[in-house]
Amino acid sequence: MVEKAVVELKSQSRLFDDVHNNALQFVRMANASIIQRTETILEVKIELPAKRKRKTPTMLDEHTVDESDESKALEHYKIHTYNVVMDQVVQSLESRFTSHRQLYMDMACFDTSNFGDLAISGIPENSLHSIIKFLPDADVDKIKAELLSFFTNYEILKLSLPSRTTLRENAYQKDDIEEPLCYQHTNGACGSCPSCVLRIHAVYRLNDKTYDNLYHIYKIICTISVTQAECERSFSKLKLIKTRLRNSMSNDHLESYMLMSVEKNLLDSLEYDTIIQTYASLSSELSKLFKE
Numbered sequence: 006m007v008e009k010a011v012v013e014l015k016s017q018s019r020l021f022d023d024v025h026n027n028a029l030q031f032v033r034m035a036n037a038s039i040i041q042r043t044e045t046i047l048e049v050k051i052e053l054p055a056k057r058k059r060k061t062p063t064m065l066d067e068h069t070v071d072e073s074d075e076s077k078a079l080e081h082y083k084i085h086t087y088n089v090v091m092d093q094v095v096q097s098l099e100s101r102f103t104s105h106r107q108l109y110m111d112m113a114c115f116d117t118s119n120f121g122d123l124a125i126s127g128i129p130e131n132s133l134h135s136i137i138k139f140l141p142d143a144d145v146d147k148i149k150a151e152l153l154s155f156f157t158n159y160e161i162l163k164l165s166l167p168s169r170t171t172l173r174e175n176a177y178q179k180d181d182i183e184e185p186l187c188y189q190h191t192n193g194a195c196g197s198c199p200s201c202v203l204r205i206h207a208v209y210r211l212n213d214k215t216y217d218n219l220y221h222i223y224k225i226i227c228t229i230s231v232t233q234a235e236c237e238r239s240f241s242k243l244k245l246i247k248t249r250l251r252n253s254m255s256n257d258h259l260e261s262y263m264l265m266s267v268e269k270n271l272l273d274s275l276e277y278d279t280i281i282q283t284y285a286s287l288s289s290e291l292s293k294l295f296k297e
């Protein structure tokens, strides 16, 4: 899919005239609709704003050519905006996806929209070797067996998925992870996105023995940046930490806050007196301040 998108973008990257003509046609239709509905003279401008002509001082025996206005503005937009944006998009897609192509192909096997194809053609023989690097103790054949069993029963499990559940009381308690919410449907669960698949594992405690490796793989898929932004935000500790009041904190302090937020079990096990004594030992003034 990414390769097709790159090829299509490259073929469209220098068709500025077609894009410009379509944009003009759209603006004219929008202006006609605005006038018809509101009966006002409010309209969207069609022409690009032209800069003031620069007149070059003419010296004795010199011939100068002044800049034109409308054609120059359109050409400037084409070269410095349209071409730059299109080139940057193509370059970003190539640099981001090319080096991790095999990983993305492995992740596609865990996409619920591909379960139907996997049920017919089976799991590709050379797949899952990249994503298994995140689970050194796992076995490829075991993960394939878990995935095959899961997408066979997926449709039945999805139907009985509750709209809300307190995961802290269920299988997520041992990981102390916040409930992954489905952002595709604010009033319930779609049952298809990675966060909903995790909820299925949590509700039915499938991550204990039956699909232990599969559960960890879906956690990885939800947290890395290739997935949908909604699912990423549901697992983002950085989102919880970097509030408006903390946006100006240094990287050192931010790293400490992230460590405390992620490792809550370790934080809860610390004694307050130990923390105060450690902080007081940083300087003699603090020792006097916190002296009992």
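Okay, so the sequence shown: first residue is 6 according to my numbering, each after it adds one.
Just so it is clear, CB atoms sit at the ideal spot from N, CA and C, and this is done for glycine as well.
Query                                                                                                                                               : Result
Near residue 143, which residues of its chain fall below 7 Å by C-beta distance, leaving aside the five closest residues on each side in sequence?  : 137 and 218
Quick check: what's the CA-CA separation for residue 14 versus residue 22?                                                                          : 15 Å
Do residue 225 and residue 295 have their CB atoms nearer than 8 Å?                                                                                 : no
Which residue wins for smallest C-alpha separation from residue 19, given the options 122, 83 and 117?                                              : 83
Is DSSP giving residue 17 helix, strand or coil here?                                                                                               : helix
With residue 117 and residue 202 assumed to form a contact (beta carbons below 8 Å), what rounded beta-carbon distance in angstroms separates them? : 7 Å
What are the start and end residues of the alpha helix (DSSP H) that includes residue 121?                                                          : 120-126
Identify whether residue 28 lies in helix, strand or coil by the three-state DSSP scheme.                                                           : helix
Apply the 10 Å Cβ neighbour rule to residue 52 and answer buried if 16 or more other Cβ atoms are within range, or exposed otherwise.               : exposed
According to DSSP, is residue 78 part of a helix, a strand, or is it coil?                                                                          : helix
Could you tell me whether the region 107-127 touches the region 151-164, where touching means 3 or more Cβ pairs closer than 8 Å?                   : yes
Please report the distance separating the alpha-carbon of residue 279 from that of residue 287.                                                     : 13 Å
In terms of residues, what are the limits of the alpha helix (DSSP H) holding residue 228?                                                          : 217-228
Are residue 7 and residue 98 closer than 8 Å when you measure CB to CB?                                                                             : yes
Considering residue 89, what are the terminal residues of the alpha helix (DSSP H) in which it resides?                                             : 88-102
Pull up the distance between the alpha-carbon of residue 282 and that of residue 263, whole angstroms please.                                       : 22 Å
I need the straight-line Cα distance from residue 147 to residue 216, nearest angstrom please.                                                      : 10 Å
Just mark residue 169 as buried or exposed, buried being the case when its beta carbon has 16 or more other beta carbons within 10 Å.               : Summary for residue 169: the model assigns pLDDT 49, below 50, so the residue's position carries little reliability; its value from the coordinates is reported in the next sentence. With fewer than 16 Cβ atoms within 10 Å of its Cβ, residue 169 is classed as exposed.
Would you tell me roughly how many angstroms separate the C-alpha atoms of residue 256 and residue 268, rounded to the nearest one?                 : 18 Å
Can you tell me the Cα-Cα spacing of residue 273 and residue 260, whole angstroms?                                                                  : 18 Å
With respect to the alpha helix (DSSP H) encompassing residue 264, which residues constitute its N-terminal and C-terminal limits?                  : 256-267
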